[in-house]
Each structure stands twice: as C-alpha cells, then as structure tokens.
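In this note's numbering, the protein residues as written are 52 to 344. Each residue gets a CB set at the ideal place from its N, CA and C atoms; glycine is no exception. Given the structure is predicted, the values throughout are model-derived calculations rather than measurements. As structure tokens, the structure follows; a few thoughts come after it.
Pasting the structure below:
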C-alpha cells in the first residue's frame, strides 16, 4: 500500500538541534559544540522577526498613505466637480440673464414702436379735426340744407374719426396718462358736438360760442403736445391731467362769460412747446408776435 504524502513530512528530522547523550553516561553534553543552539541561528531568528515587523509596518504605512492619498484625491475630485458645477451654474445664469435682457430689450423696442405708431395715428386724427374746431360748438344746430352743410358733415366725420381713436390707438399708447388725456379730449368734442353744454347755459351768445371753440382748441393743443412728448421721451407726466389725475382738468364749456373771459389753459403743468405752438396758431387770441393781426 502507498503511504500518504504527508507521512514523509513527519519522517524528516527536526531542524531544532537537540542534545545527544554522551557515550559514557548517556546524559546530554552541556558543552558539546555540535549539540548546542548556534548563536547565528538565534541572531537570524531575531532579524527575521525584526524584518517581519518592519515589513508589516511598511505594509501598514503603505496602506495608510494609499488610503490618505485616495481620500485626498476623492476630496479634490469632489471639489473639482463642485467647482465645475458652480461655474456651469454661473455661466448658465449669466446666459439666462443675457437672454432675458435681450428679450426685454426686444420687447421694449417693439412696445416703443407700437407706442410711437399709435401716438402718430392719434395725431393724424387730431390734425383731421383741427380745421373744424370753430364749427364744433355749433354742429348741434346744423341740419341738412343749411349753408355750408357739406363742411358740417365733414366736421362730424372728423369728430367720429377722433372717437374711433379712443377705442383703438389710445389703448396702445402704453401710457395711462396719454390714454386718459385722449379719452378726455374725445369726451370734450362729443359734449361740444351734441350741444350738452349749451343746454345748461342760459343766453348762449356768440361770444360764449367763440370762447367754447377756443377752449376746445386749447385743450386739443394740450393733448397734441403731450402726444409729441410721448413720441420723443416715451412718457407723459401725470401732471398733464391736472391737479387731480382721477378727474382730468378739461374745459368747462358751460361756464358763463362773467366767470372767465379767457380760454382754457393747463393748470400746474404746461407741455413743452406751448408758447411756440400758440404763435403758430393763427386762430389763437393769445398770439403776441403777429403784429399784423
């Protein structure tokens, strides 16, 4: 029968030296050179242990250094990722801000273009009714077949065209003050055309009628110059409505001659160009520079 392979290991002699009995007494020899542990073997064993400990220490140190480096690298990579994410967020925020600014600028330009177009259209409507201002306070008296009936019909058409502006372009001014001014102008014209002011004024004379026409003319100029200001600067101060913005300061056509002989004038704030415009108005009784009047 074949022996187990491990049996051969037990058959080997032990490497540890042992004392052999003497030939005479059979006792181990205390000083036998061949039987004692050699000092080189003990020293080798000690250095082996020291080397093993040093190796273990080196391995532990290497593991610690490697782990420390890995953690530091992980922290650095995490910091780099966070920094990259922060820069990306800032760049995206900057891009969004620029896009928002560009979009707002484009919207402002479009709004400004619509504002100028609306104001220009309203100015054209005012220019169309301007030749008929002196007729406006007497339109309620005119009937078909009267002298100058064609002119009166044109005047009514111009006032109707003025009214359409209050329902369209006035709402596109992007200026509550401008919208309110134009609406008040239309209300004034409708009151003058319908003659409501004359029905509450006793003894309507030609002087009162002429002054009513001048009131309408002055308020028309006021609104026209305010629209000019809106085109040039993009805004109209609320003072243009008068002391009380909730109740625009429009002329009272029904006041008697004794109350105030002068035509209506703006109160508290006058639009730029008022004096120059009055000098260009040949029908304005306040003109000063025309020496041939």
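Going by alpha carbons, who is nearest to residue 191 out of 130, 110, 264 and 244?
Locating residue 191 in the chain shown gives position 140, where the first residue counts as 1. Out of 130, 110, 264 and 244, 244 has the C-alpha closest to the C-alpha of residue 191.
Can at least three beta-carbon pairs, one atom from the stretch 166-177 and one from the stretch 275-286, be found at a separation below 8 Å?
The stretch 166-177 is in contact with the stretch 275-286.
Using the three-state DSSP reduction, which class does residue 298 fall into: helix, strand or coil?
In the chain shown, the residue the question calls residue 298 occupies position 247. Coil, per DSSP.
Identify, in the order they occur along the chain, each residue of the same chain with its Cβ nearer than 8 Å to the Cβ of residue 212, setting aside the five sequence neighbours on each side.
Position 161 of the chain shown, counted from the start, is the residue given in the question as residue 212. Once the five neighbours on either side are set aside, the close Cβ partners of residue 212 are 176, 179 and 180.
How big is the Cα-Cα spacing for residue 241 and residue 290?
One-based indexing of the chain shown puts residue 241 at position 190. One-based indexing of the chain shown puts residue 290 at position 239. Their backbone Cα atoms lie some 24 Å apart in a straight line.
CA-CA distance, residue 326 and residue 269?
Numbered from its first residue, the chain shown carries residue 326 at position 275. Numbered from its first residue, the chain shown carries residue 269 at position 218. C-alpha separation (whole angstroms): 11 Å.
Answer with buried or exposed for residue 164, where buried requires no fewer than 16 other C-beta atoms within 10 angstroms of its C-beta.
The residue labelled residue 164 in the question sits at position 113 within the chain shown. With fewer than 16 Cβ atoms within 10 Å of its Cβ, residue 164 is classed as exposed.
Do residue 318 and residue 293 have their CB atoms nearer than 8 Å?
Residue mapping note: residue 318 aligns to position 267 of the chain shown, counting from 1. Residue mapping note: residue 293 aligns to position 242 of the chain shown, counting from 1. Cβ atoms of residue 318 and residue 293: closer than 8 Å.
Give me, in chain order, the residues of the same chain whose beta-carbon lies closer than 7 Å to that of residue 328; leave out the 5 immediate sequence neighbours on both sides.
As a working mapping, residue 328 is identified with position 277 in the chain shown. Closer than 7 Å at the Cβ level, and outside the excluded window around residue 328, lie 272 and 276.
Helix, strand or coil for residue 316? Go by DSSP, reduced to three states.
Position 265 of the chain shown holds residue 316. Residue state, collapsed to three classes: coil.
Looking at the secondary structure, which residues open and close the alpha helix (DSSP H) in which residue 279 lies?
Numbered from 1 along the chain shown, position 228 holds the residue referred to as residue 279. Taken as a continuous stretch (DSSP letters only), the alpha helix (DSSP H) holding residue 279 covers 257-284.
Using the C-alpha atoms, what's the distance from residue 144 back to residue 324?
Along the chain shown, one-based indexing puts residue 324 at 273. Along the chain shown, one-based indexing puts residue 144 at 93. Near 46 Å, if we compare the C-alpha coordinates of residue 144 and residue 324.
By DSSP, does residue 184 sit in helix, in strand, or in coil?
Along the chain shown, read from residue 1 onward, the residue named residue 184 stands at position 133. Residue 184: coil per DSSP, three-state reduction.
Any contact of the stretch 222-237 with the stretch 278-288, i.e. 3+ C-beta pairs under 8 Å?
Short answer: they touch.
Alpha carbon to alpha carbon, what distance is there between residue 132 and residue 108?
As a position in the chain shown, residue 108 is number 57, starting the count at 1. As a position in the chain shown, residue 132 is number 81, starting the count at 1. Straight-line Cα distance between these residues: approximately 35 Å.
On the criterion of 16 or more Cβ atoms from any shown chain inside 10 Å, does residue 217 qualify as buried, or is it exposed?
Position 166 of the chain shown, counted from the first residue, corresponds to residue 217. Flag for residue 217 reads buried.
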